[in-house]
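Counting from 1 along the sequence shown, just add 24 to a position and that's the residue number in my numbering.
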Amino acid sequence: MAHCARLGTPPITERHGIRGGFQVPTRVAPRPARDDLAAALGHVPLFSALETGELEQIAATVRSIELKRGETLFTAGQHPEGIYVVTDGLVKLSIMAPDGAERIVDLITPTHAFGEALAFLDRPAPVTATALEHSRLLLVPRRMVADALQEASPLVRRMLAGLSQRLHYLLMDIESVCLHSARERVIRYVLSLREEEHGTAAEVQLPARKHVIAARLNLTPETFSRVLHELATEGLIEVAGTRIRIPDVLKLRGKCVRC
């Protein structure tokens, strides 16, 4: 793994971040030289294909952030300020299970970024970002991302939107496997197969054999079949081979707390 150029540690000012749900100082370092920032960004896979001039353009907008060990950058449900790049330290992305147990989704090491899909889509974060050790990060503001998209061609914008949406869905899938019960996973998956978001009723087609779908949901085939049978017995769905009819979409969604 290529190592990111280390940035110096100048005197620091403070702004307010979050730790354990309480406001605490988050140390924001004055901006290093633009050349240093551009060099650091050039080691990041997300930006490695950019030309020097393009890296310098991004570097002009970047802000440096320091996090103490245990300090939280943002929590699930908040809107991150942009794309974050770890230059030193370690940041975990996690979600909280209903029983209070933490599930770690990813560990972000130096030269890697996070928050890309959220910045492109302007969505709230489904995860919480916390420093596992004293860490330094670079923040590429969401405004910079939006301006860059405006300058891109309509085709590029649509492709980026599609890729970002796919990344977001993958993250939500991870959340589903980590947090949802078998019943909730099946309900959420069945609802996701609808072609139209609107309408009180719907009919969907399972795209693969049931044992394949069970594996995708991290369930045994027996559990998947049992949940389908339970939902059908309750009148929430009607199963005919690989086709599933949903008589009342809102009623089915109401049986899933986090759908």
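Note that CB positions come from ideal geometry on N, CA and C, so glycine has one too. Remember, it's a predicted structure, so these values are computed and weren't measured experimentally.
N- and C-terminal bounds of the alpha helix (DSSP H) containing residue i
i, result
"SER249", "245-257"
"VAL273", "273-277"
"SER205", "Neither: SER205 is in no alpha helix (DSSP H) and is coded neither H nor E."
"VAL236", "234-240"
"LEU145", "140-145"
Through-space distance from residue j to residue i, alpha-carbon basis
i, j, result
"PRO231", "LEU97", "39 Å"
"PRO271", "PRO104", "38 Å"
"ILE268", "VAL236", "16 Å"
"VAL251", "ALA264", "15 Å"
"SER233", "ALA206", "The sequence shown places Arg at residue 233, not Ser. Each residue's Cα considered, the two are about 18 Å apart."
"ARG277", "ALA64", "46 Å"
"ALA172", "THR224", "40 Å"
"GLU258", "LYS275", "11 Å"
"GLU208", "MET120", "16 Å"
"ALA238", "LEU70", "33 Å"
"ARG240", "ILE128", "19 Å"
"CYS280", "ARG212", "7 Å"
"HIS253", "VAL68", "48 Å"
"VAL273", "THR266", "18 Å"
"LEU255", "VAL214", "11 Å"
"SER249", "PRO148", "34 Å"
"THR247", "ALA100", "30 Å"
Element boundaries [beta strand (DSSP E), containing residue i]
i, result
"VAL129", "126-132"
"GLU227", "226-229"
"GLU262", "262-264"
"ASP112", "106-112"
Nearest-angstrom Cβ-Cβ length linking residue i and residue j, presumed shorter than 8 Å
i, j, result
"GLY139", "ILE107", "5 Å"
"LEU117", "VAL151", "4 Å"
Residue i: CB within 6 Å of a non-hydrogen atom of the ligand NAD
i, result
"ALA137", "No copy of the ligand NAD occurs in the structure displayed, which carries no ligand at all."
Which runs of the beta strand (DSSP E) at least 3 residues long sit entirely within the region 71-102? Give them in chain order.
Counting only runs of 3 or more, we get 87-91 and 96-98.
Count the C-beta pairs between the region 143-158 and the region 75-89 that are closer than 8 Å, then say yes if the count reaches three, no if not.
With the cut-off at 8 Å, the region 143-158 and the region 75-89 do not touch.
Just checking, does the region 145-160 make contact with the region 111-118 on the three C-beta pairs under 8 Å criterion?
Three or more beta-carbon pairs separated by less than 8 Å link the region 145-160 to the region 111-118, which places the two stretches in contact.
So, does the region 159-170 touch the region 81-97, judging by three or more C-beta pairs under 8 Å?
Because the criterion of three Cβ pairs below 8 Å is met, the region 159-170 and the region 81-97 touch.
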